[in-house]
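Asker: In our numbering, the protein residues as written are 1 to 286.
Below, the structure is given as structure tokens:
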């Protein structure tokens, strides 16, 4: 019989690409990961890895097994969640990931509404890194966002539920076309905010000329107020704009979602957090 723990390593290798990355994410040594994957090959009775020097690639049989591994691991998550729901209420540690704006504006009232037996532990994280953190067991649940112009960033191991939608605002100008020749305040490359801004400007027919790269929206608004450039800012971050900042809503939206490992939504702690977040009145739900 195939060992689910070894299947998990194979799934991570499919996502992360190297044995070293799998070892670092799951706190194993590379040799231990290699040994476990070799044992999985013996259990499966077919080659799963093609080794060329220090690199490995998955065989077609391995890719097929990864598809089934996802279903197996999802069922195990569901079984554990159901068992916890029967044997205990929402109590113990709850590891929550959140993007900075959500951590600052949404989580303080949400945490106050959790059952007293829960011990929330919050980590700021970019949504692009959430899937890997959930699969690795570093997080139990997370708040993520998605933008227009940017495809969803979660993988098949993660289940998401929409919480609310918000508008995106342009600072200091009435339209993107007016901001064509302005200096821009962009988020750091690799973030969803950066990608969204680049693609929104491209859709308007130009490439933004970046002057600053800043991730904190309060800082972005302060720079905009000081005449340091224009920027795109979501509504949640623009509720208390700096004096002198003009905000124009654009036909672009950002959606906030709750994310957890597929099959794990019935866990009492995750379910309690989900209920609190779904009950919050932030914007009109879409």
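C-beta atoms are modelled at their ideal positions from N, C-alpha and C, and glycine is treated no differently.
It should be emphasised that the depicted structure is a prediction, and the values quoted were computed from it without experimental measurement.
#1: With DSSP as the reference, label residue 177 as helix, strand or coil.
#2: What is the DSSP secondary structure of residue 157, reduced to helix, strand or coil?
#3: Let me know if residue 234 comes out buried or exposed under the rule of 16 or more other beta-carbons within 10 Å of its beta-carbon.
#4: My guess is that residue 242 and residue 221 are in contact by the Cβ rule of under 8 Å, so how many angstroms apart are they, rounded?
#5: Out of curiosity, what's the CA-to-CA distance linking residue 304 and residue 227?
#6: For residue 21 and residue 247, I'd like the C-alpha separation in whole angstroms.
#7: For residue 230, which residues does DSSP report across the bridge?
#8: What are the complete beta strand (DSSP E) segments, minimum 3 residues, inside the stretch 118-171?
#9: Taking the alpha-carbon positions, what's the residue 188 to residue 249 distance?
#10: Leaving out the 5 sequence neighbours to the left and right, which residues in its chain are closer than 7 Å to residue 105 when beta-carbon positions are compared?
#11: Helix, strand or coil, according to DSSP, for residue 194 in the structure here?
#12: Hey, could you find the ends of the alpha helix (DSSP H) residue 274 is sitting in?
#13: Can you list, in chain order, the residues of its chain with a C-beta nearer than 8 Å to that of residue 14? Leave out the 5 residues immediately preceding and following it.
#14: If you follow the alpha helix (DSSP H) that residue 13 is in, where does it begin and where does it stop?
#15: Considering only the beta carbon of each residue, do residue 182 and residue 252 sit closer than 8 Å?
#16: Report the start-end ranges of each beta strand (DSSP E) in the stretch 42-127 that is 3 residues or longer and not cut off at the edges.
#17: Quick one: what does DSSP say residue 214 is sitting in, helix, strand or coil?
#18: Please confirm whether residue 33 and residue 9 have their CB atoms less than 8 Å apart.
#19: Distance, Cα to Cα, residue 160 vs residue 259?
#20: To the nearest angstrom, how far is it from the Cα of residue 122 to the Cα of residue 69?
#21: Given this structure, state the Cα-to-Cα distance separating residue 203 from residue 5, to the nearest angstrom.
#22: Along the chain, where does the alpha helix (DSSP H) containing residue 25 start, and where does it finish?
#23: If you check the beta carbons only, do residue 40 and residue 99 fall under 8 Å apart?
#24: Whole angstroms is fine: what's the gap from residue 29's alpha carbon to residue 54's?
Answerer: On the basis of the data shown:
#1: Translated into the one-based positions of the chain shown, residue 177 becomes position 177. Residue 177: helix per DSSP, three-state reduction.
#2: Against the chain shown, residue 157 aligns to sequence position 157. Residue 157: coil per DSSP, three-state reduction.
#3: For the purposes of this step, residue 234 is taken as the residue at position 234 of the chain shown. The residue is buried, with at least 16 neighbouring Cβ atoms inside 10 Å.
#4: Mapped onto the chain shown, residue 242 falls at position 242. Mapped onto the chain shown, residue 221 falls at position 221. Confirmed, Cβ separation roughly 5 Å.
#5: This structure cannot speak to residue 304, because the chain is shown only from 1 to 286.
#6: Indexing the chain shown from 1 puts residue 21 at position 21. Indexing the chain shown from 1 puts residue 247 at position 247. In a straight line, the C-alpha of residue 21 is about 43 Å away from that of residue 247.
#7: The residue labelled residue 230 in the question sits at position 230 within the chain shown. For residue 230, which the question treats as bridged, DSSP gives the partners 184.
#8: 118-124, 141-147 and 158-171
#9: The residue given as residue 188 occupies position 188 in the chain shown. The residue given as residue 249 occupies position 249 in the chain shown. Approximately 22 Å between the Cα atoms of the pair.
#10: Walking along the chain shown from the start, residue 105 turns up at place 105. For residue 105, where only same-chain residues beyond five positions count, the Cβ hits under 7 Å are 236.
#11: The residue you call residue 194 lines up with position 194 of the chain shown. Helix.
#12: As a working note, residue 274 is residue 274 in the chain shown. Residues 268-279.
#13: Residue mapping note: residue 14 aligns to position 14 of the chain shown, counting from 1. Hits under 8 Å: 58, 62, 63 and 66.
#14: On the chain shown, residue 13 is found 13 positions in, with the first residue counted as 1. Residues 4-16.
#15: Stepping through the chain shown from its first residue, residue 182 is reached at position 182. Stepping through the chain shown from its first residue, residue 252 is reached at position 252. Result no, Cβ atoms of residue 182 and residue 252 do not sit closer than 8 Å.
#16: 49-52, 55-58, 92-98 and 118-124
#17: Stepping through the chain shown from its first residue, residue 214 is reached at position 214. If DSSP states are grouped into helix, strand and coil, residue 214 belongs with coil.
#18: To locate residue 33, count along the chain shown from 1; it is residue 33. To locate residue 9, count along the chain shown from 1; it is residue 9. Their beta carbons are under 8 Å apart, which means residue 33 touches residue 9 by this criterion.
#19: In the chain shown, counting from the first residue as 1, residue 160 sits at position 160. In the chain shown, counting from the first residue as 1, residue 259 sits at position 259. In a straight line, the C-alpha of residue 160 is about 4 Å away from that of residue 259.
#20: On the chain shown, position 122 is the one that residue 122 refers to. On the chain shown, position 69 is the one that residue 69 refers to. Cα to Cα, the separation comes out at about 29 Å.
#21: Taking the chain shown and counting its residues from 1, the one referred to as residue 203 is at position 203. Taking the chain shown and counting its residues from 1, the one referred to as residue 5 is at position 5. Answer to the nearest angstrom: the Cα atoms are 45 Å apart.
#22: In the chain shown, residue 25 corresponds to position 25, counting from 1. Run containing residue 25: 19-26, per the alpha helix (DSSP H) assignment.
#23: Stepping through the chain shown from its first residue, residue 40 is reached at position 40. Stepping through the chain shown from its first residue, residue 99 is reached at position 99. Contact: no.
#24: Start at 1 with the first residue of the chain shown, and residue 29 comes out as number 29. Start at 1 with the first residue of the chain shown, and residue 54 comes out as number 54. In a straight line, the C-alpha of residue 29 is about 15 Å away from that of residue 54.
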